[in-house]
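Chemist: Mind having a look at this structure? Questions to follow.
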Amino acid sequence: MTQVDIAPSQVQGRPVQHLEKNYINHSSGISSWLLTLDHKRIGLMYLVGISVSFFLGGLFALGIRLELFAPGMQFMDAATYNKVFTLHGAVMVFLFIIPGIPAALGNVVLPLMLGAKDVAFPRLNLSSFYLWIAGATFFLYTLFSKQLDTGWTFYTPYSSSYSDTSVISATFGVFLLGFSSIFTGLNFLVTIHKMRPPGMTWHKLPLFLWGMYGTAIMQLLATPVLGITLLLLVMETTLGIGIFDPKKGGDPVLYQHFFWFYSHPAVYIMILPAMAVVSEIIATFSRKHIFGYKMIAYSSVSIALLSFLVWGHHMFVSSESTLATLIFSAITFTIAIPSAIKVFNWLATLYKGSVSLGTPMLYALEFIWLFTIGGLTGLFLGVLSTDVMLHDTYFVVAHFHYVMVGGTLFAFFAGLHYWWPKMTGKMYSETTGRIASVIAFVGFNLAFFPQFIMGSRGMPRRYADYKPDFELYHQLSTVGTLVLGVGIALLTYNLIRSIFSGKKAPANPWGSATIEWECPSPPPHHNFDHPPLATDPYDMERVEWDEEVQGFVPVVGRRAPVAH
Amino acid sequence: MIMRIEALLLAGLCFFGSAAPMFAQDAEGAAAGETSEAVKADAGVDVDKLIADYNAKETTPRTFTAEERDWIGRGLDPADVDAFRKGHASIISKDENTIFFLRDGVEETISSDPKFATRPVAPHIAPFATELEGNPFWTAKRASETAKDVDAMFDFIMWTSYIFTALIGVLMVVFCIKYRRKPGVRADQSITHNTPIEIIWSVIPTILVGIMFWGGYTTFLDMRTPPPDAMTVKVNAYQWGWNFTYPSGIESPQEFHVPANTPVEMLMTSNDVIHSFHLPSFRQKSDVLPNRYTKVWFDSGEPATYRVYCSEYCGKLHSDMYAKMVVDTPEDYAAWLVKAGNWMVNDDGTMKSALEIGELTYNRRGCKACHSIDGRAGTAPTFAGLWGLERKFADGSTRVADENYVRQSILDPYSQLVEGYGEQMTVYNPMLPEEQINGIIAYLKSLKDVPRVD
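As given, the protein sequences belong to chains A and B, one line each in that order.
All letters in the first sequence, in the order written, are residues 1 to 564 by the UniProt record's numbering.
All letters in the second sequence, in the order written, are residues 1 to 454 by the UniProt record's numbering.
Dropping the structure here:
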């Protein structure tokens, strides 16, 4: 075993902490951004794009909750409500959650974590950003034409033959967003395969990259099915070819099978990156080696593969045969196990650690709590007998919000706070960040927990109006949404304020042992002066706190072993 | 007991439901009992007079038990009590202040909150509410044996969830406090994996979900396999309503009755988009599809009234697509069936007028969901002032709205689509008998002079 000094270029014995000339200001002018091939700039542009989408989707959510504050129609009619809930779902899923962590955070972090200069195909990376923009443009067109009222699932024959809204432009938007997702997945897959630094064997791959790898497999293999399905839908609507509409000789349930063949893996496209972010943060803030590395890594890949085999559990009450329900229910439970294992591993990582509750860690712990509830309530829906009564009720709405919002959104916030100093070179206020996190957590639970109760008591989803017996739960939910909104507003304020008046970030503020923290904050255009060498990404003792730089620096004299 | 523990677990989030009154009673102890006595006196309800008034109106006077007299004292009127006893009324839900119930198809509310109340109420009804049927905290009222199996599984998963959530939550908090960062204390880097523990925490959840899977599957088979002697009711769902057809051919829109303690199979299909027949009290649901039949079955149980929801999003009025299900005593069921079969006939045996039949048809058949009578155009043209008007079609041709035009529009609507409207209407061929087509024509004639907005 050779011993090599792993420290990057050093000034007076310490690595450079903060770079005045960095990737953000290394060239200027609008075209230096719009035509950039730099993964970090593309990641930042994604971040702006998905944040705008999130804001838009959030406004629709607010509309939904205010309308449902009381029985009877408040300030919308039923047709408007149907459009609002559809646009909320479609914008949040296709424009925000799916690209959220992989495209925005992943783009910035993934090559840095590999010590690489960029992703494998920088031009493909830029084109996937522009496909996202094109998809979003079609959504904007939809918004300003006749909107959309089919639900984000576009179920036929309502979408193909009955809705008089802009189904075609919306589906075409989703089609383009799908290609954006495929290109990102392909890029990450190749990058992880071919551009790992010396020493980074598969078993030394940081868990974030394992998660992104599993995600990329699903993006690459599942998304084309969505593209084809939506093209078939457009063909039926425009050319009158009968595929899904029984009046034209088609079968509406076929559409559901096609749609969920993509959209179930898509659920894991949303949650795997979230788990990946949390694995990094839990280990870093416990200053301890992650527990059960191999189990977490393999569970990511097994979730990715199993996710292709469970789509039928969305059709338990849609005339599916009992044999099919038996098989899909059984496979659904196999996917519960790797998810549970991850939670136990995170907990075990805290055990005998040196736990600090920084803002990213707070979000990560909240993630564990919310994802546990989201995952356990999934059991009710995987069990055939209980799914029958809960299917298409608010129980389902609450369940997937716990997974996608409590899970993915909170992990996104965790990752955003975790890598913010690296991306922007600025530290935000920890106090404000923690307060915002707790407010958001309380608001979220208040918003969605009552929905479990009203759902199990029979309240169907997608209802513009409801009977007064559900009023209490709806009111709690609306109040919770407002509290959640306050938390997110405070979070936004805190981050934006840090850009203007935040302290300069050190290279490694949290004490992580992964490679992206070895370059200065923000990184230079070319990321690393010398190609870094990889060691165990969870060897936390490789770095120690340095009072002078207010961050962690490599331990002088501790030499990292390099694999042969 | 179980409900109280659930309530305690959720107390931090301040949920009410049926657990709230239990809290209130626990907290106030004996005082609660005194209050209800006092309220009874304050309300000044003269039970004997109410019963006498009631019996004076009824052809067959009845006696009321002590329990029923107590209910009357607390706010129900004798007719309500009778309706509950006969199953003509049943509780949809209730909380500490309010009871929602269906009575003869009308949703009524007894509440101490004037916002909800649809009838005069006694000032305090909480003690009364808890005496009636129990409503589990998590789920809707339970109405059948199969539902009990479903609820048993629901409880099993719920308790598994409570235990795991508590375990994870407690460990998380304890670890974060006990192992918080302290100067000079380093994390124990030796703990990176532990094969026995990892096997244990993989195997235990696997066994638990295995039990859930198998239990859920066997109950599901019961829920999907109707007994051979089940009576069949055929269901047609459409945007936005339900039509029920009995073996004898009798049809009933938006409401169906079944005899008590009888297995009932619903054989369902849709006229347009996908709907879903959702009956929470029986824990039953099935999508209703336009190109095939789907079935649900349930044992109807004791006389009661239930709400049927559409739970698959089906367009504009999805959230108004309710039906009413009434479980009747055999005698009441037989009487209702006769009445349902003769809805076009007056009580004295004579036929209703074409106009009356037309108006009833308009309300029963779902015409009113799209065709307004106030002159405003909606998804479809308004009926107001339509009669005699020249209609312009998508291909540019025109036709005056007369008897033959209306008839063709009902039986073959897409042959003459009015400009600006899509192919959305249910084709009522051969669903609509001659008398009802004539009725609609008479109804349109009666609306001839209502001004149109478009």
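C-beta: ideal position from N, C-alpha, C; glycine also.
Within a Cβ cutoff of 6 Å, which residues of the same chain sit near B/A442, ignoring the five residues on either side of it in sequence?
Modeler: Excluding residues within five positions, the ones whose Cβ falls inside 6 Å are A354, L355 and G358.
Chemist: Taking buried to mean at least 16 other C-beta atoms within 10 Å of its own C-beta, is B/T65 buried or exposed?
Modeler: That one is exposed.
Chemist: Is the beta carbon of A/N527 closer than 9 Å to that of A/L112?
Modeler: Yes, the pair counts as a contact, with Cβ atoms nearer than the cut-off.
Chemist: What does DSSP give as the partner residues of B/L279 in its beta bridges?
Modeler: Beta-bridge pairing links B/L279 to B/Q284.
Chemist: Using the beta-carbon count (16 or more within 10 Å), is B/R376 buried or exposed?
Modeler: Answer is exposed; the Cβ neighbour count stays below 16.
Chemist: Taking C-alpha atoms, which residue in A/R41, A/A276 and A/A70 lies nearest to A/W210?
Modeler: That would be A/A276, whose Cα lies nearest to the Cα of A/W210.
Chemist: In chain order, what residues of the same chain have a beta carbon less than 6 Å from the beta carbon of B/A237, not counting five sequence neighbours either side?
Modeler: Cβ within range, chain order: S270, H275 and V288.
Chemist: With burial defined as no fewer than 16 other Cβ atoms inside 10 Å of the residue's Cβ, what is the status of B/M351: buried or exposed?
Modeler: It counts as exposed.
Chemist: Helix, strand or coil: which one does DSSP assign to B/R376?
Modeler: Coil at B/R376, not helix or strand.
Chemist: Helix or strand or just coil, what does DSSP make of A/Y268?
Modeler: Three-state DSSP puts A/Y268 in a helix.
Chemist: Please classify A/V4 as buried or exposed, where buried requires at least 16 other C-beta atoms within 10 Å of its C-beta.
Modeler: Interpretation of A/V4 is limited by its pLDDT of 42, a score under 50 that renders its predicted location unreliable; no figure is taken from the coordinates.
Chemist: A/S181 by DSSP, collapsed to three states: which one?
Modeler: Correct three-state label for A/S181: helix.
Chemist: Does any residue of chain B have a CB that is nearer than 9 Å to the CB of A/S477?
Modeler: Cβ-Cβ to chain B under 9 Å: no for A/S477.
Chemist: Between A/A136 and A/S53, which are expected to be in contact by the criterion C-beta below 8 Å, what is the C-beta distance as a whole number of angstroms?
Modeler: The Cβ separation is near 7 Å, so the contact holds.
Chemist: Check the C-beta distance from A/G415 over to A/A505 and give it rounded, since I have them as a contact under 8 Å.
Modeler: That pair is no contact at about 16 Å.
Chemist: I'd like to confirm the pairing. Which residues does DSSP put opposite B/C310 in its beta bridges?
Modeler: DSSP output for B/C310 lists B/F277 as bridge partner(s).
Chemist: Using a Cβ-Cβ distance cut-off of 9 Å, determine whether A/K21 contacts chain B.
Modeler: Chain B, which has no Cβ nearer than 9 Å to the Cβ of A/K21, makes this no.
Chemist: Using a Cβ-Cβ cut-off of 8 Å (strictly less than) and excluding sequence neighbours within five positions of A/V84, which residues of its own chain qualify?
Modeler: Here the set comprises F60, G63, I64, E67 and M76.
Chemist: So which residues of chain A does B/D272 contact, with C-beta pairs closer than 7 Å?
Modeler: Those within 7 Å of B/D272 in chain A are Y162.
Chemist: Check whether the Cβ atoms of B/A260 and B/S300 sit closer than 9 Å, and answer yes or no.
Modeler: Cβ atoms of B/A260 and B/S300: closer than 9 Å.
Chemist: Closer than 8 Å between beta carbons: that is the criterion. Which residues of the region 301-330 of chain B meet it against chain A?
Modeler: Those residues of the region 301-330 of chain B that come within reach of chain A (Cβ to Cβ, closer than 8 Å) are R307, Y309, C310, S311, E312, Y313, C314, G315, K316, L317, H318, S319 and D320.
Chemist: Have a look at A/G178 and B/C370 and give me their C-alpha separation to the nearest angstrom.
Modeler: So the alpha carbons of these two residues sit roughly 37 Å apart.
Chemist: Anyone know if the C-beta pair for B/P290 and A/P246 falls short of 9 Å?
Modeler: Yes, these two residues count as a Cβ contact at 9 Å.
Chemist: Measuring only between beta-carbons, confirm whether B/N291 sits less than 9 Å from chain A.
Modeler: At least one chain A Cβ lies under 9 Å of B/N291.
Chemist: In chain B, what lies closer than 8 Å to A/D38 by C-beta?
Modeler: What A/D38 touches in chain B: nothing, since even the nearest Cβ is about 36 Å away.
Chemist: Report the CB separation of B/R391 from B/T382 in whole angstroms; it is logged as a contact under 8 Å.
Modeler: No, B/R391 and B/T382 are not in contact; Cβ-Cβ is about 13 Å, not under 8 Å.
Chemist: Excluding sequence positions up to five away, which residues of its chain have a Cβ less than 6 Å from the Cβ of B/F23?
Modeler: Confidence at B/F23 is low in this model, with a pLDDT of 30, below 50, so its placement is unreliable and the value that follows should be read with caution. Here the set comprises nothing.
Chemist: A/E471 lies in the alpha helix (DSSP H); which residues open and close that run?
Modeler: Note, A/E471: alpha helix (DSSP H), E471 to S501.
Chemist: List the residues of chain A whose Cβ lies closer than 7 Å to the Cβ of B/E198, in chain order.
Modeler: G292 and M295, listed in chain order.
Chemist: For B/R391, write down the residues that DSSP places opposite it in a beta bridge.
Modeler: Looking at the DSSP assignment, B/R391 forms a beta bridge with B/R399.
Chemist: So, helix, strand or coil for B/W242, using DSSP?
Modeler: Strand, per DSSP.
Chemist: Could you confirm whether any beta carbon from chain A is found closer than 9 Å to the beta carbon of B/H124?
Modeler: Unreliable placement is indicated for B/H124, whose pLDDT of 37 sits below 50; no coordinate value is reported for it.
Chemist: Consult DSSP for A/A348 and reduce its assignment to one of helix, strand or coil.
Modeler: In this structure, A/A348 counts as helix in the three-state DSSP scheme.
Chemist: Would you mind working out which of A/F413, A/M454, A/V167 and A/L126 sits nearest A/F144, comparing C-alpha positions?
Modeler: When only C-alpha atoms are compared, the closest one is A/V167.
Chemist: Taking 9 Å as the CB-CB cut-off, is A/G433 touching chain B?
Modeler: Not one chain B Cβ lies under 9 Å of A/G433.
Chemist: Compute the Euclidean distance between the alpha carbons of A/S160 and A/G312, then round it to the nearest angstrom.
Modeler: Taking the straight line joining both Cα atoms gives about 22 Å.
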